[in-house]
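Residue numbering for the sequence shown follows our numbering, starting at 316 and increasing by one per position. In what follows, a single structure is set out as structure tokens and then discussed.
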Amino acid sequence: DITKFIPQSHPRTFTESSFQTAPISISAMVISALAIIVTVAAAFVMSEISTFQSVSLMRSSMLKTSQIEFVNLLLVGLLMVPVGALLMVCKPSNGTCISWVWLINVGYTLMLVPTLVRVSAIIYVIQEGNKFRRVTVDKKKLLRTSLGISAIAAIFCALWTGLDPIKVQEELSMTNETNDLGETVVTVSYYCKSESDAWFWVSFIWQCLLLVSGSVLAFQMRSAPKIVNDSKALAFMIYSSSIFLILRIVLYILARTPSEILIARSSSLQMVRSLLWSLDSMVNTCIYFSKFLRKNDNSVMRNSAMGNTVILRPSLPVTYEEEKVEEYEMSQALCSVCGSSKRPSVTSGAGARE
Numbered sequence: 316d317i318t319k320f321i322p323q324s325h326p327r328t329f330t331e332s333s334f335q336t337a338p339i340s341i342s343a344m345v346i347s348a349l350a351i352i353v354t355v356a357a358a359f360v361m362s363e364i365s366t367f368q369s370v371s372l373m374r375s376s377m378l379k380t381s382q383i384e385f386v387n388l389l390l391v392g393l394l395m396v397p398v399g400a401l402l403m404v405c406k407p408s409n410g411t412c413i414s415w416v417w418l419i420n421v422g423y424t425l426m427l428v429p430t431l432v433r434v435s436a437i438i439y440v441i442q443e444g445n446k447f448r449r450v451t452v453d454k455k456k457l458l459r460t461s462l463g464i465s466a467i468a469a470i471f472c473a474l475w476t477g478l479d480p481i482k483v484q485e486e487l488s489m490t491n492e493t494n495d496l497g498e499t500v501v502t503v504s505y506y507c508k509s510e511s512d513a514w515f516w517v518s519f520i521w522q523c524l525l526l527v528s529g530s531v532l533a534f535q536m537r538s539a540p541k542i543v544n545d546s547k548a549l550a551f552m553i554y555s556s557s558i559f560l561i562l563r564i565v566l567y568i569l570a571r572t573p574s575e576i577l578i579a580r581s582s583s584l585q586m587v588r589s590l591l592w593s594l595d596s597m598v599n600t601c602i603y604f605s606k607f608l609r610k611n612d613n614s615v616m617r618n619s620a621m622g623n624t625v626i627l628r629p630s631l632p633v634t635y636e637e638e639k640v641e642e643y644e645m646s647q648a649l650c651s652v653c654g655s656s657k658r659p660s661v662t663s664g665a666g667a668r669e
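Given below as structure tokens:
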């Protein structure tokens, strides 16, 4: 009997998976949308702080030392990542696959590089100040450096797209269900993949390099004045991003595991990776921009910035008041790259410092 040579699962019928309505897909979409909303809200808060004059001087100076141009680049990166993560959840096409690769890789670089460049400049200014040296800070050069490093990620994505573009891959999964005709139902799902896995590993290595650089800078900045000390925020950002990166690498390895060994599908693991990207962006947004919402000391102190030239002197504050003056003078010196020429009046406690 020839029927005994026919597999029990035959005949078969193919149906597209309704994975877009699965809980993991809906969760990934919601978290991506929430991350985008949080980033837009952070941008709105920054615009309000930089616009209204009624904001406290200490908070305003904190924004200046953070450099609004660098903050804007950071916000662009924080927005690009969840947008790319949202595209990962949508029904894949060759266009969406390429788009989220660009958005996530370039966005992740913009999310970290401007902060790293600014922190490295602050560390350099502090080190030179401890040697009684005059330092000239070129803000345009720092911005060019940030954009130049970010361009490396864009060049990498261009090579990836040109040489081995990421494309939609079909994934078949046989179920135990049958239709009215007795045909076994085989679900068809889709995910994005390149011919070579090397591109993803280069991307992971690049992200690791950025995080390692951030860790080194956070350690070097730990003794900086409080008003310009981003070491704690930077350390938290690096720590959280490292955890998410490790999880993404593990999921990528699992996605490349043969289906006979792993039950989870590559399409479902792509949804989880999208969720991790959105969480990474949202957590970093909350960590970095929470400092602008904290209540700060409203004391007004002397501005020691002169144009774009910064003259710093090492000192050992012996009182809380002198320590605050020292921190504020350091912040105003570093604010010189903002081009601000306003010099606030001086009051500190019961006395005045001119």
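By construction, the Cβ of each residue, glycine as well, lies at the ideal position given by its N, Cα and C atoms. Remember, predicted model here, so these are calculated numbers, not experimental data.
Check                                                                                                                : Outcome
Rounded Cβ spacing between Thr-424 and Leu-394 (contact assumed at less than 8 Å)                                    : No, Thr-424 and Leu-394 are not in contact; Cβ-Cβ is about 13 Å, not under 8 Å.
Element boundaries [alpha helix (DSSP H), containing Arg-459]                                                        : 454 to 478
Where Arg-658 sits in the DSSP three-state scheme                                                                    : In this prediction, Arg-658 has a pLDDT of 40, which is less than 50 and means its spatial position is unreliable; nothing more can be read from the coordinates.
Sheet register partners of Cys-412 (DSSP bridge)                                                                     : Looking at the DSSP assignment, Cys-412 forms no beta bridge with any residue, so it has no partner.
Where Thr-430 falls: helix, strand or coil (DSSP)                                                                    : helix
Classification of Gln-522 by the beta-carbon crowding that lies within 10 angstroms, buried from 16 upward           : buried
Under the three-state DSSP convention, the category Thr-330 falls into                                               : strand
Buried or exposed (CB count within 10 angstroms, at least 16 for buried), Ser-538                                    : exposed
Residue nearest to Phe-471 in terms of C-alpha spacing, selected from Leu-418, Met-426, Val-598                      : Leu-418
Beta-bridge partners of Lys-508, as assigned by DSSP                                                                 : Lys-482
Residue range of the alpha helix (DSSP H) that includes Ala-400                                                      : 383 to 404
Rounded separation between Lys-456 and Thr-502 - CA only                                                             : 54 Å
Residue from Met-344, Ile-438, Cys-412 with nearest C-alpha to Val-450                                               : Ile-438
Exposure label - Lys-508; buried when at least 16 CB within 10 Å                                                     : buried
Sub-8 Å separation of Phe-385 and Ser-461 beta-carbons                                                               : yes
Buried/exposed call for Asn-445, threshold 16 Cβ in 10 Å                                                             : exposed
Helix, strand or coil at Ala-337 [DSSP, three-state]                                                                 : coil
Whether Leu-389 touches Ser-528 by CB criterion (8 Å)                                                                : no
Gly-399 burial status per 10 Å Cβ neighbour count (16 or more: buried)                                               : buried
Coarse secondary structure for Ser-538, derived from DSSP in three states                                            : coil
Close-in-space but distant-in-sequence residues of the same chain around Ser-556 (CB under 7 Å, 5 per side omitted)  : Leu-526, Asp-595, Asn-599
Nonlocal neighbours in the same chain, by C-beta distance under 6 Å from Leu-591, ignoring five residues either side : Phe-559, Leu-562, Arg-563
Buried or exposed (CB count within 10 angstroms, at least 16 for buried), Leu-474                                    : exposed
Reference Ala-343, options Ser-593, Met-597, Cys-601, closest by Cα                                                  : Ser-593
Of the listed residues Val-428, Thr-476, Ile-352, Lys-406, nearest to Ile-553 (C-alpha basis)                        : Val-428
For Lys-547, the first and last residue of its enclosing alpha helix (DSSP H)                                        : 546 to 570
Close beta carbons around Ala-350, own chain, < 7 Å, minus the five adjacent residues each side                      : Pro-397, Ser-593, Ser-596, Met-597
Beta-carbon proximity check, Val-434 vs Val-452, cutoff 8 Å                                                          : no
Cβ neighbour criterion (16 or more within 10 Å) applied to Val-625                                                   : Here the model assigns Val-625 a pLDDT of 41, short of 50, so the residue's position is not dependable, and the following value carries that caveat. It is buried - the Cβ of Val-625 has at least 16 other Cβ atoms within 10 Å.
Environment of Thr-411 [buried if 16+ CB atoms lie within 10 Å]                                                      : buried
Residue closest to Val-483, alpha-carbon to alpha-carbon, out of Ile-464, Met-403, Tyr-506                           : Tyr-506
Ser-583 classed as buried or exposed, judged by whether at least 16 other C-beta atoms fall within 10 angstroms      : buried
Inter-residue spacing [alpha-carbon to alpha-carbon] between Val-416 and Ser-518                                     : 10 Å
Assigned exposure category for Thr-330 - 16 Cβ within 10 Å defines buried                                            : exposed
Inter-residue Cα distance where the pair is Gly-422 and Met-403                                                      : 14 Å
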